[in-house]
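Just so you know, we're using this note's numbering here: the sequence shown kicks off at 368 and counts up by one.
Cβ coordinates follow ideal geometry from the N, Cα and C atoms, glycine included.
Keep in mind that this is a model prediction, so the values were computed, not measured.
The next block holds one structure in the form of structure tokens; read it before the comments.
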Amino acid sequence: MILLESENVIIREFLTSRFETPAAVDQTFTDFDGVAYHLESSKAGPLTLSIDIRCWRELEACGASDVLRREYGAYLRAQPEPEYSVTLELDYASVPQDPAERTALIHSLSLLKRNLMAAPFERAFALQKQLEAAANPDPAAAAAAASSVPAGATDIMSINYRDDEAIYIVPGSDRVTVVFSTTFKEETDRIFGKVFLQEFVDARRQPSIQNAPQVLYSNREPPLEIRSISGLNRGESVGYVTFVLFPRHFQTPEVAFSTISHIQLFRDYLHYHIKCSKAYMHSRMRHRVAEFLKILNRAKPEQAEKERKTASGRSFRRA
Numbered sequence: 368m369i370l371l372e373s374e375n376v377i378i379r380e381f382l383t384s385r386f387e388t389p390a391a392v393d394q395t396f397t398d399f400d401g402v403a404y405h406l407e408s409s410k411a412g413p414l415t416l417s418i419d420i421r422c423w424r425e426l427e428a429c430g431a432s433d434v435l436r437r438e439y440g441a442y443l444r445a446q447p448e449p450e451y452s453v454t455l456e457l458d459y460a461s462v463p464q465d466p467a468e469r470t471a472l473i474h475s476l477s478l479l480k481r482n483l484m485a486a487p488f489e490r491a492f493a494l495q496k497q498l499e500a501a502a503n504p505d506p507a508a509a510a511a512a513a514s515s516v517p518a519g520a521t522d523i524m525s526i527n528y529r530d531d532e533a534i535y536i537v538p539g540s541d542r543v544t545v546v547f548s549t550t551f552k553e554e555t556d557r558i559f560g561k562v563f564l565q566e567f568v569d570a571r572r573q574p575s576i577q578n579a580p581q582v583l584y585s586n587r588e589p590p591l592e593i594r595s596i597s598g599l600n601r602g603e604s605v606g607y608v609t610f611v612l613f614p615r616h617f618q619t620p621e622v623a624f625s626t627i628s629h630i631q632l633f634r635d636y637l638h639y640h641i642k643c644s645k646a647y648m649h650s651r652m653r654h655r656v657a658e659f660l661k662i663l664n665r666a667k668p669e670q671a672e673k674e675r676k677t678a679s680g681r682s683f684r685r686a
């Protein structure tokens, strides 16, 4: 098993190398969920990093542009590269000379996809705090807080980040509900996925992780929170995984950052575990077949050599 990271390793390694020794580069590569990157630079610079993500319009509506300005500031180019959603540009001369600052910059740039996908979660966490204040038992305080709650605060945020798969985020006064729809394209994937997700649900009963977010799983039937959305898939191959995030799961910026980073990788981890489970089962099956063949070979009766004679009665053996 590997530990998936929020940062893109290719970006981190490329930037670490180019910041130390500037050189020409023109590299395209992909990430999870069909995300595409383009890293380009001449030896003199500037260096541009572009990302294409299929749900950009939905992320932009949830405040992704504000997150990018906060995280990357002057590096954000006003006009992205053609066929890409966002482009960052920086000169080699502007790269910090301090090793710690340079490492922090590389880490931030390698989190480009993570920061884009964080926008709807950050918006939901902020709306939850406003809705919680509006539900204050004190009428005066509730009225003052309600006036600051934007229209449509409880609307479902749908992020269609893959073909036939989406993330639905629903802010409430006491929680934020996150629903993943995931599709299993093969029958074996569906079986492994159902078993794994049920174990994932049951694991929360352990005392050591009872403070973890509540997890619910349903096959075919979408959860109540998103049934108002039209066109939801109710086929045999689809499943819905619901995470219930309470205020303690995002009460500080550090905790919120960790929660967002981990929940984004849920779908990737799920299908990665399914593939690893299938590979393990196949290896065990091949090992078992090899053992059976050894047993059969040992049980094979020896062929007694038949004596042959010539016309004159002399015995002989074939060479």
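- In the three-state scheme derived from DSSP, where H, G and I count as helix and E and B as strand, G606 is classed as strand.
- Of Y442, N527, R572, the smallest CA-CA separation from R424 is found for N527.
- N375 is positioned such that its CB atom lies closer than 9 Å to that of S477.
- Three or more Cβ pairs closer than 8 Å define a contact, and the segment 494-502 falls short of that threshold against the segment 392-410.
- The beta carbon of V453 sits closer than 6 Å to the beta carbons of I418, P447 from its chain, once the five residues preceding and following it are set aside; these are given in chain order.
- With a minimum length of 3 residues, there is no unbroken run of beta strand (DSSP E) contained wholly in the segment 462-496.
- The beta-bridge partner set that DSSP reports for E456 consists of T415.
- The segment 590-607 and the segment 546-566 touch, with three or more beta-carbon pairs separated by less than 8 Å.
- Taken in chain order, the complete beta strand (DSSP E) segments of 3 or more residues contained in the segment 595-666 are 605-612.
- Excluding the 5 residues flanking it on each side, L612 has same chain C-beta neighbours closer than 7 Å at R542, V543, V545, P580, T626, in chain order.
- The beta carbon of A491 is closer than 6 Å to those of I536, P538, V543 in its chain, skipping five residues each way along the sequence.
- When secondary structure is reduced to three states using DSSP, E427 falls in the helix class.
- Comparing C-alpha distances from I420 to each of R634, R587, L479, P463 shows the shortest one belongs to L479.
- Residue pairing from DSSP places T395 in a beta bridge opposite H405.
- Contact between P466 and L472 fails: their C-beta atoms lie close to 11 Å from each other, not under 8 Å.
- The beta carbon of F559 sits closer than 7 Å to the beta carbons of I641, S644, K645 from its chain, once the five residues preceding and following it are set aside; these are given in chain order.
- In the DSSP annotation of this structure, the continuous segment of the beta strand (DSSP E) that includes I536 starts and ends at 532-538.
- With respect to the C-alpha of A493, the residue from F610, T619, K561, L457 having the closest C-alpha is T619.
- Boundaries of the alpha helix (DSSP H) harbouring I558: 554-569, taken from the DSSP string.
- Pairing Y439 with R385 gives a Cβ-Cβ distance that is not under 9 Å.
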